[in-house]
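Presented below is the structure to which this report refers.
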Amino acid sequence: MIKFSSFSQLILFLSLITISNLNNKKSENNFPKNKEQTSKNYKYYIYPIILIILYYIITKLKKPEIQKNIIRYGDEFPRIYNKEDEIRGEYSKYISKKRRKIKTPKSLVNEEGKIIFGTFDKEFEVMDLLKAKNPTRFPNFLNKYKLTLWEVCEAHLKNGVLLTVCCDMGIFGKQITMFYDKRTKKTYCWDTQEKSSLTNVSPNLLNGNISEVKTKVGFMKYINNFEIGKCELLGSHKGKCLINENNLEINTDNINKNYKEATIEYNFKMDRISKPSIVSIPFPNSNNRTLYTQKDFFKIKGKLIINGEEMLTDEDSTAIIDDHRGFYPRRAFYDWVTTLGKYEINGKKQYFAFNLTHNQSIDEESYNENIIFFENKTSILPPVKFERSIPCNKFCNYSEWIVKDDYDMVNLKFKVYGLNPMITHAFIINIDYYVAWGVLEGYLRDEEGNKIILDGMMGMGEDKRLLI
Numbered sequence: 001m002i003k004f005s006s007f008s009q010l011i012l013f014l015s016l017i018t019i020s021n022l023n024n025k026k027s028e029n030n031f032p033k034n035k036e037q038t039s040k041n042y043k044y045y046i047y048p049i050i051l052i053i054l055y056y057i058i059t060k061l062k063k064p065e066i067q068k069n070i071i072r073y074g075d076e077f078p079r080i081y082n083k084e085d086e087i088r089g090e091y092s093k094y095i096s097k098k099r100r101k102i103k104t105p106k107s108l109v110n111e112e113g114k115i116i117f118g119t120f121d122k123e124f125e126v127m128d129l130l131k132a133k134n135p136t137r138f139p140n141f142l143n144k145y146k147l148t149l150w151e152v153c154e155a156h157l158k159n160g161v162l163l164t165v166c167c168d169m170g171i172f173g174k175q176i177t178m179f180y181d182k183r184t185k186k187t188y189c190w191d192t193q194e195k196s197s198l199t200n201v202s203p204n205l206l207n208g209n210i211s212e213v214k215t216k217v218g219f220m221k222y223i224n225n226f227e228i229g230k231c232e233l234l235g236s237h238k239g240k241c242l243i244n245e246n247n248l249e250i251n252t253d254n255i256n257k258n259y260k261e262a263t264i265e266y267n268f269k270m271d272r273i274s275k276p277s278i279v280s281i282p283f284p285n286s287n288n289r290t291l292y293t294q295k296d297f298f299k300i301k302g303k304l305i306i307n308g309e310e311m312l313t314d315e316d317s318t319a320i321i322d323d324h325r326g327f328y329p330r331r332a333f334y335d336w337v338t339t340l341g342k343y344e345i346n347g348k349k350q351y352f353a354f355n356l357t358h359n360q361s362i363d364e365e366s367y368n369e370n371i372i373f374f375e376n377k378t379s380i381l382p383p384v385k386f387e388r389s390i391p392c393n394k395f396c397n398y399s400e401w402i403v404k405d406d407y408d409m410v411n412l413k414f415k416v417y418g419l420n421p422m423i424t425h426a427f428i429i430n431i432d433y434y435v436a437w438g439v440l441e442g443y444l445r446d447e448e449g450n451k452i453i454l455d456g457m458m459g460m461g462e463d464k465r466l467l468i
């Protein structure tokens with residue numbers, strides 16, 4: 001039986017349960033079809049919103065006390081260096097020692113309920129973040145409603161890029177499928193909501209564990225065997241999707257006009273190309289809050305069919321899978337850009353990918369997920385900052401993102417030609433999430449100082465702002 005230590009905890013629990021039940025009754029796109037439906041949907045949330053406001057009044061909006069010197073669980077583990085799979089050299093002096101790998105313990109959360117932070121050499125066997133003690137300002141029995149779980153894949157084919165998301169946000173689940181056609185610069189997006197109880201994100205990435213979500217209009221399934229460097233992804237989606245014509249300004253009216261019938265299906269088998277990037281990043285507003293992410297670079301075989309057009313993989317086709325778990329702060333942001341594929345670099349065609357992210361890490365020099373993937377090797381990158389020529393909500397046809405570091409290891413321009421909005425504004429909950437597609441220009445340097453020219457490479461990124 002659940003025990004409440006205060007009246008405010010009871011109020012918060014009732015409000016979250018109410019929201020969960022409301023979300024579990026519907027499965028629909030983010031955007032209502034008309035103003036009448038919008039008004040009707042808002043009425044459903046009045047009572048839980050009143051309860052949440054009461055909670056904040058009762059707790060007097062007290063901010064948690066955060067220690068300046070947070071204990072970094074994981075610092076006691078020795079660092080691992082294998083020159084066969086890690087590049088080091090002249091620019092390594094700009095990389096914090098805490099960005100170097102440690103041997104992965106069995107569990108991400110230790111016996112005392114403390115999360116282990118750092119960079120790791122392989123997958124965790126146990127990642128039960130619900131056992132973490134005080135990762136948020138809410139009581140521990142509400143961890144389920146604050147924990148976000150994603151398994152995401154970006155797959156790069158000759159004529160387009162696929163993004164698939166299996167997501168459990170505690171009070172509801174999601175299946176998101178996007179496809180960017182590089183030829184027409186059109187973006188197709190199916191965004192379907194489902195019950196949290198019917199959305200399964202695998203407990204780890206080992207031994208055939210499955211992430212899966214099924215809805216009335218589609219399904220998605222990841223079969224994870226990362227211990228042998230393999231994964232399989234299959235899924236489909238049909239019905240109305242947002243087909244984004246990029247000559248239209250992004251607003252609710254334009255978005256609602258662009259829902260049209262479309263179909264997509266895909267089936268890929270993947271083999272790991274490089275070493276994984278596995279990071280547990282301390283986030284703000286708690287001494288025990290993490291954003292955990294594992295990113296793996298794969299070559300892929302299979303096919304994708306969109307609106308009856310079949311696209312087969314070739315020797316240049318690649319994918320990145322991101323296993324993403326953590327407790328977001330109420331106000332959260334995430335900036336991200338990546339590429340993946342087989343490109344000619346310094347006169348040699350080779351597999352290549354990178355990941356660059358700016359988020360709410362409390363110490364980005366020591367804890368970030370910035371990295372270059374080569375075949376069988378990786379090279380770490382320092383923290384970066386993003387600047388955008390225009391806000392994403394003003395996008396029309398074209399924009400530019402500038403991404404740089406402080407050490408001349410990252411200097412790139414992301415030319416955005418396609419942008420897909422996923423927007424929800426409902427009283428105290430705001431989600432502004434944009435996925436961008438385009439072409440890169442500029443360069444990166446690996447730790448040896450080798451300059452990698454990015455001009456003409458496919459680019460993909462996101463601008464995410466959350467108030468939840």
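Okay, so the sequence shown: first residue is 1 according to the working numbering, each after it adds one. Ideal Cβ placement from N, Cα and C applies to all residues, glycine included.
Rounded Cβ spacing between residue i and residue j (contact assumed at less than 8 Å)
i      : j      : result
THR199 : GLY218 : Wrong, their Cβ atoms sit about 13 Å apart, outside the cutoff.
VAL337 : TRP437 : Actually they are not in contact, since the Cβ atoms of VAL337 and TRP437 sit about 11 Å apart, beyond 8 Å.
ASP168 : LEU142 : Incorrect: roughly 15 Å between the Cβ atoms, too far for contact.
ILE243 : TYR188 : 6 Å
LYS275 : LYS377 : 7 Å
ILE321 : CYS166 : Not a contact, Cβ separation roughly 11 Å.
Local Cβ density within 10 Å of residue i, reported as buried at 16 or more and exposed below that
i      : result
LYS33  : In this predicted model, LYS33 has a pLDDT of only 47, less than 50, meaning its place in the structure is not dependable; the value taken from the coordinates is given anyway. LYS33 comes out exposed.
ASN370 : buried
HIS237 : buried
ASN288 : buried
VAL126 : exposed
TRP190 : buried
GLU448 : exposed
PRO329 : buried
GLY170 : buried
HIS156 : buried
TYR91  : buried
THR357 : buried
GLY459 : buried
MET457 : buried
LYS97  : exposed
GLY222 : What sits at residue 222 in the sequence shown is Tyr, not Gly. The residue is buried, with at least 16 neighbouring Cβ atoms inside 10 Å.
GLY113 : exposed
Residue closest to residue i, alpha-carbon to alpha-carbon, out of the options
i      : options                        : result
ASN209 : ASN285, ASN420, ASP323, PRO382 : ASP323
PRO78  : LYS216, ILE95, ILE102, GLU86   : ILE102
TYR494 : PHE333, VAL213, PHE124         : Residue 494 falls outside the range modelled here, since the chain spans only 1 to 468, and no answer is possible.
ILE452 : GLY118, MET409, ILE176         : MET409
LEU412 : TYR443, ALA319, GLU310, MET422 : TYR443
ASP335 : LYS144, ASN204, ILE423, GLU462 : GLU462
LEU381 : PRO421, GLY89, LYS83           : GLY89
ILE183 : LYS464, ASP455, VAL439         : The residue you asked about is not Ile; residue 183 is Arg in the sequence shown. The residue with the shortest Cα to Cα distance from ARG183 is VAL439.
LYS269 : LYS230, ASN258, SER280         : LYS230
TYR434 : ASN82, TYR81, VAL416, ALA426   : VAL416
Proximity below 8 Å, CB of residue i to CB of residue j
i      : j      : result
ASP446 : ILE372 : yes
PHE283 : PHE327 : yes
ASN368 : PRO383 : yes
SER307 : ALA262 : Sequence inspection shows Asn at residue 307; the Ser mentioned does not correspond to that position. Yes, they are a contact pair.
TYR266 : LEU304 : yes
SER211 : SER197 : no
THR313 : GLY302 : yes
THR164 : GLY239 : no
LYS299 : ASP271 : yes
LEU340 : PHE374 : no
GLU315 : LYS342 : yes
ALA332 : LEU454 : no
LEU108 : LEU129 : yes
LYS144 : PHE138 : no
GLU120 : THR136 : One detail in the question is off: residue 120 reads as Phe in this sequence, not Glu. No, Cβ-Cβ distance for PHE120 and THR136 is not below 8 Å.
THR286 : ASN134 : A quick correction: the sequence has Ser, not Thr, at residue 286. For SER286 and ASN134, yes; Cβs fall inside 8 Å.
ASN207 : GLU232 : no
8 Å Cβ cutoff, residue i in contact with chain B
i      : result
ARG183 : This model lacks chain B altogether; it includes just one protein chain.
Opposing strand residues paired with residue i [DSSP bridges]
i      : result
GLY173 : ASP168, GLU194
GLN360 : None, per the DSSP bridge assignment.
MET422 : TYR433
VAL403 : PHE386, LEU412
ASP296 : ILE321
GLY459 : GLY438
Heavy atom of the ligand GTP within 7 Å of residue i beta-carbon
i      : result
ASP181 : For the ligand GTP, the structure offers nothing, since it holds no ligand at all.
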